[in-house]
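My numbering numbers the first residue of the sequence shown as 399 and each following residue consecutively.
Heads up, the beta-carbon is just placed ideally off N, CA and C, and yes, glycines get one too.
All values derive from a computational prediction rather than experimental measurement.
First comes the structure, then the notes that go with it.
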Amino acid sequence: MAESKKSLLQRLQLNQAYGQLVALIFIPIVILAGVGAYLVLSETNQASLSQQRHIAIAILSRYQHTAELLVDAIHKDPKETQKAQTILLRMLNERYLQRVSLVDQDIHINIGLQPYKKWPEFNQDAGFIGPIHVNSNSVYGVKLQSGWLLIELDNQPMEVAHYHVFMVLLITAFITLLLLMLCLSFYSRRWIAPLYEIRMQLQRLNADNLDEPVTINSSGELKLLQLDIESTLKRLHQSFLELQEHTEQTEDDLRRTLDTLEVQNITYRQARDQAISANQSKSVFLANISHELRTPLNSIDGFIHLMLRQHNLTNEQNLYLQTIRKSSAHLLALINDVLDFSKIDAGKLELEMAPFDLEEAMFDVMDMLSPLAAEKNIHLAFYFAHNLPHQVTGDILRFKQILTNLISNAIKFTPEGEIIVRTRLEQEQNGNCLIHFSVQDSGIGVNESERKHLFKSFSQGDASVTRQFGGTGLGLAISKQLVTLMKGQIGFEDNQERAPTEKGSTFWFTVHFAVNKYLEISNEDFHHMNVVSFISHAATANVLRHYLENYQVQHTEASSLLDLFARLKQLEYDENTWVIVDHGSDTQALLTEIRTRYQGKLAIYGYQMALEPNTLKEFRANPLYQPLSRHALIQLLTNQVNIDHEKSKTFNGEGLQILAVDDHLPNLIVLEALLGELNVTTVKALSGQDAINLIQQRIDNKQPLFDLIFMDIQMPVMSGIDTTRAIRSLETTLEYQTHLPIIALTAHALSDEKKKLLAVGMDDYVTKPIQIEQLTQILATWTDKNFETVEPLPIAPEPVQSTILDWAQSIQLAANKEELALDLLQMLVASFDSEIEEMQQLIELEDFPHLEHVLHRLYGATRYVGTPQLQQVTGDFELFMSTLRKEKKVADDAFIDEVLTRFDTLKKVIETTRQAALKKIEDANT
């Protein structure tokens, strides 16, 4: 039963034949029947009311005159009331009359079945009223000369008539429904049932019974449809048989093809293995060729360094040595390019993220390349936008490498003219910024056909370029890969496309950096300063103008030297007035002319090698070196001496004994000579076995062991790694605990080399060719000797609070600027209260992820101020908090207790640091 109901409901859906039949026939008829029934009932009701009204009018008309006489009689003789009631009682014999009443101001006569019921209120001014429905009856009335004659008629006959009509309508509807059901049954048997049978048989069809006939009892059009379906199925069966035969043939062909592909896959697999082996061989070859090339380069560079330190060289000898040094540096740069490209290609190049000064890094590159530009008389200009961040976090080495490649290319391919380096901030959000860098030159440009090869490996725009200018063609390819690693883009623009009169090209790139807001420095304000300048190079003059505007300097630009000379006569000596002028072709003549007109502060702008110090001293002129930097401009305006801020440092290694292990004797000689300049005693070993024998000999003779060991890696018989393992094993046999610092001195430069060397027991890593600065740093780090400055630091040592506040370290972190160190210290102290309050709230709320973030922020601030104890405690606390996140643990009671303990310790250290910092700030202010 349930299935039949379900089938019926499914058939009644509008997308089924039954449903469409009901929707198109049954529902419209029902709607029409309902509307007709409503109209019939309405008309019947209106007719009944009209008939009742006619009856009421007839009754009232017959008794109206009698009622008026009764009213007059009663007014004349009240005793006539009884007679009037008798007359009104006769009126009840009228059909459907229920009650009658004679109403006057003084007369109230009610006769009927319910005489006590109150008559409804009605309009007294009307001549005739009714019908008024009261108590399921209808009230009518006619106005007399004085009073009203009211009657009440029964509505029951009207209701009975309604019921009769309603019953007739129901019977009609039932008969109509039966007729419709009969039509539907006929339609179903005639059309729908055969269609469903066809559907069922089609659903039972499959590939095996396509040739079976469709047996359905039908006639007419359905019979024709049945014949068409049978014909179609026969054709389909025939097509299926043909397709099956074709499929079998295709499967056979595919099987043979798969066998062929399997053979090819085996061949490809072998080729892939050979390619992997070749790639590994390439990496090994690069490592070996790096060692083989850097080893002699180390000797060459070392001996050149030693020869250049001799003071008895002739000019010709010095020129030869400088040429050899440049060639050696060029060869080393080529080797580095090839190795960098190999590391990028192998995916082993990793970026090292660290905070650095963006403007200083860019100026270092340009300052390094300025001699090359000066040799070709090319103007270098550098504009650093004022809204750029001062401190960013990124890989400074790779950033400098990109900028060096682009600027050196611009110098190389620019015979004369200018090179302009620009920076701008493209976007900044969520502590990250996207910075755009461009290098514009006025050189030979790039042809349209050559542009597509610009960023490809081992290629340059023209084959003749390599012969004329040199290079491997890897600079731009490496730069593109490095920019991609820094999540940026690199591109090229032809200057003529921007302006037809311009020459050369513009290379640009973008880099993402993290902004270090702890060391942001506000712009200086020199509104009281006055500068008069004449710079012939338009780009440099524009840069100077922008910088001075940012510093609120009152700036006057001269249009020519004659204009400048005219303005100088009007200038008076003032401590706040500077004159800045190009050095020109004859600096001495220019300075002579200026000093005849002006005796105030004077700065000469030009390349360092073009400005003679004696000439500047003679005419009391300060140098302003090209390219112009904001730092040099501030130094000039603040009347500071333009010298290198880094104090020259020496290292006194007297008493140190170093063991140098290398199978290449020239390297040992160079290393011994370099260490000799530092007063270090060097013992040489030409193999790993010799080194172990020397150490064992000292142990047997109970002599002090070496202070440090420089260990070469690739040595015959016993490599540096095997030697290091043997030394570490030898250390375990000693009665007293000893650890010999072993420094890897190798020519390898692959990215994973350092991790491998540190894993086998070495302490540090230095790449050949080694410089004396690297030696000094290594010796200061891994021995008991420290740096000694030529001039002692003016800051007295603070041994009691060295772990709390290391002021020397603070100045070092602030780039040797004491004022900046004080500002950073004040900023750190000012943040203590808010940091403690925020951490207290987070601990109470048990919001440990946010607490880790606050600790990381405080730890980052301590890295720029010399507070070792606070930095240690904060870093340990942050590391402890990170375990909850990394190990996905739940903060239990033991964890919370440890957090409270560490927080109390941190507060004590903060308070101790605050007291030491306040004392230092007070001493500095006094």
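Gln-911 in three-state terms, based on DSSP: It should be pointed out that residue 911 corresponds to Phe in this sequence rather than to Gln. Note: Phe-911 maps to strand in three-state DSSP.
C-beta atoms of His-925 and Gln-950 nearer than 8 Å: yes
Looking at C-beta atoms only, is the number of pairs between the stretch 933–950 and the stretch 1022–1031 that lie closer than 8 Å three or more? yes
Name the residue from Gly-1051, Val-1081, Gln-825, Asn-974 whose alpha carbon lies nearest to the alpha carbon of Asn-1037. Asn-974
With DSSP as the reference, label Gln-496 as helix, strand or coil. strand
When we look at the beta-carbon of Ser-987 and count the other beta-carbons within 10 Å, is it buried (16 or more) or exposed? Per the sequence shown, residue 987 should be read as Ala rather than Ser. Ala-987 should be labelled exposed.
For the 8 Å Cβ check, are there 3 or more pairs between the stretch 1081–1090 and the stretch 1103–1113? yes
Below 8 Å, can you find three or more Cβ-Cβ pairs linking the stretch 560–577 to the stretch 489–504? no
Across which residues does DSSP place Lys-1082 in a beta bridge pair? Ala-1058
Around the Cβ of Met-598, are there at least 16 other Cβ atoms within 10 angstroms (buried) or fewer (exposed)? exposed
In angstroms, rounded to a whole number, what distance separates the CA positions of Ala-456 and Tyr-561? 26 Å
Helix, strand or coil: how does DSSP classify Val-469 here? helix
Using the C-alpha atoms, what's the distance from Lys-967 back to Ala-1178? 56 Å
Could you give the DSSP three-state label for Asn-1020: helix, strand or coil? strand
Leaving out five residues on either side along the sequence, give the residues of the same chain with a beta carbon under 8 Å from the beta carbon of Glu-918. Here Glu-918 scores only 48 on pLDDT, less than 50, and its place in the model should not be relied on; the value that follows carries that caveat. Here the set comprises Pro-787, His-788, Gln-789.
Where Ile-371 falls: helix, strand or coil (DSSP): The requested residue 371 does not occur in the structure, where the chain is confined to residues 399 to 1324.
Can you find at least 3 beta carbon pairs, one from the stretch 527–540 and one from the stretch 444–454, that sit closer than 8 Å? yes
Between Asp-1291 and Leu-1156, what straight-line distance do the alpha-carbon atoms span, to the nearest angstrom? 39 Å
Should Ile-1111 and Ile-1119 be called a contact, given that it needs their Cβ atoms to be closer than 8 Å? yes
Is Met-1109 helix, strand or coil by DSSP? strand
What residues in its chain sit with their C-beta under 7 Å from that of Ala-465, if we drop five residues either side in the sequence? Leu-500, Leu-542, Leu-547
Pull the bridge partners of Ile-341 from the DSSP assignment, please. Outside the displayed range of the chain (399 to 1324) lies residue 341, so it cannot be described from this structure.
So, for Ile-800: in the same chain, excluding its five sequence neighbours on each side, which residues have a beta-carbon less than 7 Å away from its beta-carbon? Ser-877, Leu-880, Val-881, Phe-907
Can you look up Trp-976 in the DSSP assignment and give me helix, strand or coil? strand
So Val-1263 packs on Leu-1222, CB below 8 Å; how close in whole Å? 5 Å
Count the other CB atoms, across all protein chains shown, that sit within 10 Å of the CB of Glu-816; report buried if there are 16 or more and exposed otherwise. buried
Restricting to Cα atoms, I'd like to know which of His-944, His-953, Arg-995, Leu-942 is closest to Leu-960. Arg-995
Does DSSP put Asn-928 in a helix, a strand or coil? strand
If you scan the stretch 932–1010 from start to end, which runs of the alpha helix (DSSP H) of 4 or more residues do you find wholly inside it? 936–948, 959–968, 985–993
When the Cα atoms are used, what is the spatial distance from Lys-1318 to Ile-1308? 15 Å
Three-state secondary structure assigned by DSSP to Gln-789: strand
With DSSP run on the structure shown, which of helix, strand or coil describes Ser-1046? Its pLDDT being 40, under 50, Ser-1046 is placed unreliably by the model, and the measurement read from it follows with that caveat. Looking at Ser-1046 - three-state DSSP - the assignment turns out to be coil, as it is neither helix nor strand.
Can you look up Asn-533 in the DSSP assignment and give me helix, strand or coil? coil
Counted within 10 angstroms of its Cβ, other Cβ atoms place Phe-584 as buried (16 or more) or exposed: exposed
Kindly list the residues whose CB is nearer than 7 Å to the CB of Lys-1152, restricted to its own chain and excluding five residues on each side of it in sequence; keep chain order. Tyr-1163
On the premise that Thr-1174 lies in contact with Leu-1076, defined as a C-beta separation below 8 Å, what is that separation, rounded to the nearest angstrom? 7 Å
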